[in-house]
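For reference, the structure discussed in these notes is given below.
See below:
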């Protein structure tokens, strides 16, 4: 991943972004390291192969002619194996172009063989798949389904895929959540994998297990699991893996909307207040005070950047992503701009993440 200026963007990408009115690409996700490694290692494999075969030919009369036939052929086989390994590393790097993803204010440009445009409003499903890595779950890839039925895969070869995925989840929910809420208000059931949401409550396995809204207390969402708790229960009613669960943030928004409609106090369903029950910062935020997080400050009206040099109202903020090294803020239809801040300039990122998550979803409800 790298930030870019307009001059660094290939002309083909600039033309594509301009033609589809995506805005200027600001961030490029480019897995160049893996392809460069293959291009570096494949010549080494060819050299090893040449040395083995050359040694066999040079010293055949002195050494290898006295060996049993199967042993001498094994030496040639080892040389051939090294040649095939080098070929295996070189051919994909040369013939199969690596994936490049350009992040724009209004969508993505997905470039491999050609440039595919993925607008945020055209994504109908977004899900991630997890894999077991050294005994723990880690991100394998994201799958995007466009409204025309085309699927796109963003795998872990892309650097900082978790940051890109978090940004996409918030951006896609901005468009899908209002549509889902309209269906919910029309008394329709909404399916999210094996979980169904309806005005009556939550259900699993085609209604075999039900949790009415009157018995719902809260949900807990982390990087791998979504857990739903019944009122007064210490164990979750259900714990769903996020692997393959579509549109998680839309599901979260509908549940929070449903609990508000059912007159369940939002404090009971909000992960913010449940994780920070005694936080004076949350009390100040609820009272309308401005909270400072280093280079960023916020209150119930919006976000202040760089010592109040720029103010972003909540209703103009489309998404707010906190990554490993920086913060990315995308404005909505008014500015269509991306703002980035280094994470080292921010104090208490976990509390900032929870408050911004809460504040943004209040705009949807």
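Residue numbers (UniProt numbering): 1 to 365. The C-beta atom is built at its ideal place from N, Cα and C for all residues, glycine as well.
Residues near residue i in its chain [Cβ-Cβ closer than 6 angstroms; skip 5 each side]
i: residue 111; result: 100
i: residue 391; result: Residue coverage of the chain in this structure runs from 1 to 365, which leaves residue 391 outside it and unanswerable.
i: residue 79; result: 49, 52 and 53
i: residue 330; result: 318, 319 and 338
i: residue 356; result: 320
i: residue 240; result: 226
For residue j and residue i, the rounded distance between their alpha carbons
i: residue 188; j: residue 198; result: 6 angstroms
i: residue 142; j: residue 67; result: 54 angstroms
i: residue 162; j: residue 226; result: 17 angstroms
i: residue 178; j: residue 82; result: 57 angstroms
i: residue 236; j: residue 20; result: 45 angstroms
i: residue 289; j: residue 312; result: 16 angstroms
i: residue 343; j: residue 50; result: 50 angstroms
i: residue 229; j: residue 43; result: 57 angstroms
i: residue 251; j: residue 192; result: 7 angstroms
i: residue 171; j: residue 337; result: 13 angstroms
i: residue 168; j: residue 97; result: 24 angstroms
i: residue 22; j: residue 122; result: 12 angstroms
i: residue 106; j: residue 216; result: 36 angstroms
i: residue 16; j: residue 115; result: 8 angstroms
i: residue 69; j: residue 84; result: 22 angstroms
i: residue 395; j: residue 234; result: The shown model of the chain, from 1 to 365, leaves out residue 395, and the question about it has no answer.
i: residue 182; j: residue 200; result: 16 angstroms
i: residue 348; j: residue 90; result: 46 angstroms
i: residue 264; j: residue 214; result: At residue 264 the pLDDT is 41, less than 50, meaning the model places this residue with poor confidence; the figure from the coordinates comes in the next sentence. Cα-Cα distance, rounded: 8 angstroms.
i: residue 137; j: residue 13; result: 35 angstroms
i: residue 176; j: residue 8; result: 33 angstroms
i: residue 62; j: residue 10; result: 58 angstroms
i: residue 328; j: residue 322; result: 7 angstroms
Cβ separation of residue i and residue j, assumed to be a contact under 8 angstroms, to the nearest whole Å
i: residue 86; j: residue 46; result: 4 angstroms
i: residue 302; j: residue 346; result: Contact flag wrong, Cβ pair sits at about 17 angstroms.
i: residue 144; j: residue 118; result: 6 angstroms
i: residue 190; j: residue 254; result: 7 angstroms
Own chain residues within Cβ distance below 7 angstroms of residue i, not counting five before or after
i: residue 64; result: 56, 72 and 75
i: residue 204; result: 194, 195 and 238
i: residue 306; result: 295
Residue i, buried or exposed, once every other Cβ within 10 Å from all chains shown has been counted against 16
i: residue 180; result: buried
i: residue 325; result: exposed
i: residue 77; result: exposed
i: residue 354; result: buried
i: residue 185; result: exposed
i: residue 257; result: buried
i: residue 310; result: exposed
i: residue 173; result: buried
i: residue 25; result: buried
i: residue 135; result: exposed
i: residue 88; result: exposed
Neighbourhood of residue i by C-beta distance below 8 angstroms, restricted to the same chain and skipping five residues each side
i: residue 299; result: 285, 288, 289, 290 and 291
i: residue 297; result: 290, 291, 303, 304 and 308
i: residue 103; result: 25, 26, 27, 28, 29, 164, 167 and 338
Is there contact here, the segment 209 to 229 with the segment 141 to 149, by at least three beta-carbon pairs under 8 angstroms?
no
Given 8 angstroms, three or more beta-carbon pairs between the segment 126 to 141 and the segment 230 to 245
yes
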